[in-house]
Structures are given as structure tokens and as C-alpha cells.
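Below is one structure, written out as C-alpha cells, with a few remarks after it.
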Amino acid sequence: MIIKAVYVRDVAIIEIDLEPCADAFIFRIRNNEIELCSKSLVLSETLANFRKGLLIMRKQPFFVECEDGKCVAARAQI
Numbered sequence: 003m004i005i006k007a008v009y010v011r012d013v014a015i016i017e018i019d020l021e022p023c024a025d026a027f028i029f030r031i032r033n034n035e036i037e038l039c040s041k042s043l044v045l046s047e048t049l050a051n052f053r054k055g056l057l058i059m060r061k062q063p064f065f066v067e068c069e070d071g072k073c074v075a076a077r078a079q080i
């Protein structure tokens with residue numbers, strides 16, 4: 003599975019080829035590991051701490067807010 007991540011200041015854009023598990027959900031990021039939709043995924047590099055972001059799962063965008071690696075994602079209505 004390919005995971006793409008872009009980080010600028012305290013904002014991250016993460017693209018994962020994984021089916022979303024809900025319209026809103028909680029996930030965790032620790033060092034280079036993401037626990038998302040009952041799956042644990044390992045990144046090739048450590049992702050820096052970020053507060054806001056965009057998560058793209060199977061071309062569906064989710065707005066993300068994080069604090070200390072605990073994140074909430076909600077489907078964006080475009």
C-alpha cells in the first residue's frame with residue numbers, strides 16, 4: 003500500500019489507498035506509525051507533529067485536527 007504525506011509548517015496532507023471506515027472517525031499517529039480504521043500502517047519516515055490536515059482516502063477528502071498524535075477526521079462535503 004502506498005502512503006503519500008506532505009508536511010508544511012503544522013499542516014499535513016496524507017493520501018492513503020484505503021477505504022474509509024466512516025464519515026467521521028478517530029485515528030492515531032505515533033512516530034512513523036498510523037493506526038487508522040482498525041489497521042496499523044508503517045510509514046517509511048517519521049511524520050512531524052501537525053495540528054490540522056487533509057486526509058485523502060480513495061479520493062474522498064477528510065478534514066483532520068490533531069493534538070498530541072490523537073486525530074479526528076470528518077468527511078469534507080465538496
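Take the sequence shown: its letters are residues 3 to 80, numbered as in my numbering.
From the three backbone atoms N, C-alpha and C, an ideal C-beta is built for every residue, glycine too.
- Per DSSP, Q62 is one residue of the beta strand (DSSP E) stretching across Q62 to E69.
- The segment 55–72 makes contact with the segment 19–39: 3 or more CB pairs, one atom from each, lie closer than 8 Å.
- DSSP places L56 in the uninterrupted beta strand (DSSP E) bounded by K54 to M59.
- In this structure, the CA atom of R53 is about 21 Å from the CA atom of S46.
- Selection K6, Q79 and K41 evaluated against E21 yields K41 as nearest (Cα-Cα).
- When only Cα atoms are considered, R32 and D19 end up about 20 Å apart.
- Around the beta-carbon of A75, 16 or more other beta-carbon atoms lie within 10 Å, marking it buried.
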